[in-house]
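Residue numbers for the sequence shown follow my numbering, so the first one is 810 and each next one is one higher.
Glycine residues also receive a C-beta, built at the ideal position from the N, C-alpha and C atoms.
Note that the coordinates shown come from a computational prediction; the quantities given were computed from them, not determined experimentally.
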Amino acid sequence: MTFEPTGNALSLQPPVLCESTNTTTVESGDALSLGVLLEELVAGSEQLAMIPLSERIRLVEAVRKNVVRVSREWVDCSTAIKQKEPTDHIRSEEVLSGPVATARYLLLLGRTLQEISTTGRLRLPGRICRGTDGRLLVPVMPVSGLFDRLAFMGFRVRVRMRAGISPSTLAEHTAGRFRRSQSARSPRVTVVLGAGNISSVPILDVCDRIFARSEAVLLKLHPLHRPLKPIFKRLLAPLIDYGCLRIISGDAETGSRVVTHPSVDAIHITGGVETHDAIVWGPPGTESDERRRFDQPLLEKTISAELGNVSPWIIIPGRFTKRQLEYQAENVASSVINNAGCNCVATRVLVTWRGWQHREHFVDRVAEVLKQAEPRDAWYPGATERFADFSGQNPDGDRLRPTMMRDIDPGSDSPFFTREPFTCVLAEVGLKAATPEEFCRRAADFCNNTLWGTLSATLTIPSSLRRGHAARDRLDRWVATLRYGMVGINQWVGLSYILASPPWGGHPDSSRDDVQSGNARVHNTFLLDGVDQVVFDGPLTTFPKPSWFPSHQNPEPLSWALLDLCERPGWKALWRLIRCA
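Following this line, the structure appears as structure tokens:
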């Protein structure tokens, strides 16, 4: 049997190795066999396990300098993969989710490593406090030196740590891996199966494994990203030259050989839950069911994953101004439109209160923004078929117009609740409740227990419910009940991907048998361990609007200006950003 999920082409037969892995051709364009590549990485992993912090910092800086050098070609190539005739908005998306996300991550990680090297400890960007549940809330944004307080005015991100971590023990959960002696690190080779939807995902996964975890990496690119391979090789040349990275592409059989190879110690996946389950338990069928039942995984390797989600956006009822309602409607719609809906944190279900006086107007406005959006090419495998399945509409060829299905029964067995569409469709659900307070409880229960996944949820909250300590405490208690690894307040949680300092990943209550949105945290430039939930907080409106809003008039120049700010932070770069906004 073979299984080829949309997240990463992979064929998993029982783990029988080819007779001579040293002569296996990975793909026609690779001169070296898979076996030789992995022999090189085994040697590289031994060197990486002993790498001094100063050399690690040098490599981070070398890769960071390459980001701008390849950025134009990178964006041209990634855009061509997704759209035959790309607009400024589509190119802007690729700038933000590619070079900008990568440049900011490397800048912040380099600063973290430099501070550890210089002082032996790490200074956080703000005051640590306790939430209403007694757990620590650790600030990770805004960061100093990048003009976050001006470029992202009104935004802040705090990390809710797991129970039992106190101020006195927090240092043990912050960059603790760099406090261990070099001799305590075991050489390790990890296969990274790159996602195909966002071009920086495989880059950031590689950097996380090498820089933050001291693991040599064999990166297998998603088939969609094969055209990016020469660009990525130039971008990551310092790591390739150091011997701790090799990059391959190839078909499903290549994926099978890679993950089952005896030289591979660990596997990291960003993609669909089907990919994870196929690797852990084997192809769907009786044998995999038996393995799962007796907790006998197919591979005795460490497997980490960042997977998808049916992401909700909950509108907390209350009083809003007309401008706030207009902004938030476009906010919701843009999270569906972005990347043609092929994001793991794209909004899938809009949750409203049936008794809210603005419900009909608000949902009308979301639908109108979706209707007015430019159709997108169905570039991701299976997007056209999934669009038809979820929307009940026949697409116009391979062009998809973002669509919303209204008033889905929350008690139904709608596929919107249990499957990730991975295309530009949205469901709206109205919940019955006697009061706004009851709605909040029912919304949390609906999202936690009906919708699949634990990656992210976003909330729109009226200002009146945040005034005063008592109101803020009630909000904090309620947010803590949401079983999601990331919760956005008033702003789409997708922005935290670009910010890089927030740990990115699902809620920690997943298991190997029920992995949900995964068991990994990536990005995380402050190197926090013991993360429970990220709370990403922003204002109800911003001026100017975010560049990913369909109504933004100057999106691509603004995105390039943000890259310039990440590359050379300073007043000149900030002024250019303001002028483009």
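Figure out for me which residue from the options has the closest Cα to the Cα of residue i.
i     : options                    : result
G1303 : A1142, S1097, W1165        : A1142
E864  : V845, Q923, V876           : Q923
L1349 : I1123, G963, V998, T1111   : G963
N1258 : G935, D1373, P1121, V1344  : P1121
C1151 : P996, L1308, M970, R1195   : R1195
R1035 : R1022, D1060, A858         : D1060
V947  : A1370, L933, N1299, V1068  : L933
P1204 : R1168, K893, V1234, P1366  : V1234
P1271 : G1262, P1230, H1167, G1201 : H1167
D1346 : H1332, P1364, G1297, G1314 : G1297
P1230 : R1250, V1067, G1201        : G1201
Q1342 : S1360, P1312, N1363        : P1312
D1373 : D1216, L905, I866          : L905
G1127 : R1208, L1268, I1307        : L1268
I937  : R967, R1228, T927, R913    : R967
L1028 : G1064, A1021, V876         : G1064
N1363 : E1024, S901, S1009, R1066  : S901
A972  : L917, S1058, G943, D1098   : G943
K891  : A1280, E903, V851          : E903
A1046 : G1339, A1279, F1358, I1012 : I1012
R939  : D957, G1327, R1286         : R1286
How far does the alpha helix (DSSP H) with residue i in it extend, from its first residue to its last?
i     : result
E1062 : 1061-1069
V869  : 862-891
I1040 : 1038-1044
G919  : 910-928
W1357 : Neither: W1357 is in no alpha helix (DSSP H) and is coded neither H nor E.
F1225 : 1224-1227
G1149 : It is Ala, not Gly, that sits at residue 1149 in the sequence shown. Looking at the DSSP string, A1149 is not in any alpha helix (DSSP H), and its letter there is neither H nor E.
R1251 : 1245-1258
L1013 : 1009-1016
H1278 : 1278-1290
A1382 : 1380-1389
P1364 : 1364-1376
I899  : 897-904
L1304 : 1304-1308
Would you call residue i buried or exposed, if buried means 16 or more other Cβ atoms sit within 10 Å of its Cβ?
i     : result
N831  : Here the model assigns N831 a pLDDT of 34, short of 50, so the residue's position is not dependable, and the following value carries that caveat. Classification for N831: exposed.
W1380 : exposed
P951  : buried
F1352 : exposed
D885  : exposed
F1335 : buried
G1220 : exposed
A1155 : buried
C1153 : buried
G929  : exposed
T1130 : exposed
F1103 : exposed
L959  : exposed
E1109 : exposed
C1249 : buried
M859  : exposed
M810  : Caution is warranted here: a pLDDT of 27 is assigned to M810, below 50, making its placement in the model unreliable, and the coordinate value is therefore given only provisionally. Exposed, since its Cβ has fewer than 16 Cβ neighbours within 10 Å.
A889  : exposed
R1018 : buried
A1176 : buried
D1322 : exposed
Who are residue i's beta bridge partners in DSSP?
i     : result
W1313 : V1331
S1200 : DSSP lists no partner for S1200.
V998  : A1025
T1212 : V1234
R1185 : L1209
L1159 : W1122, E1237
L1349 : L1349 is not bridged to any residue.
L1337 : T983
Terminal residues of the continuous beta strand (DSSP E) containing residue i?
i     : result
A1266 : 1265-1269
D1341 : 1340-1346
K1029 : 1025-1029
L1054 : 1054-1057
V1296 : 1295-1298
When every heavy atom of the ligand FAD is checked, does at least one fall within less than 7 Å of the C-beta of residue i?
i     : result
S1320 : What this structure holds is no ligand at all, so the ligand FAD is not there to describe.
Segments assigned alpha helix (DSSP H), at least 4 residues, entirely inside the segment 1062-1146: Complete alpha helix (DSSP H) runs here, min 4: 1082-1090, 1095-1102, 1131-1146.
Segments of 3+ residues assigned as beta strand (DSSP E) that fall wholly inside the segment 932-985: Inside the segment 932-985, DSSP marks whole beta strand (DSSP E) runs of 3 or more residues at positions 945-950, 965-970, from first to last along the chain.
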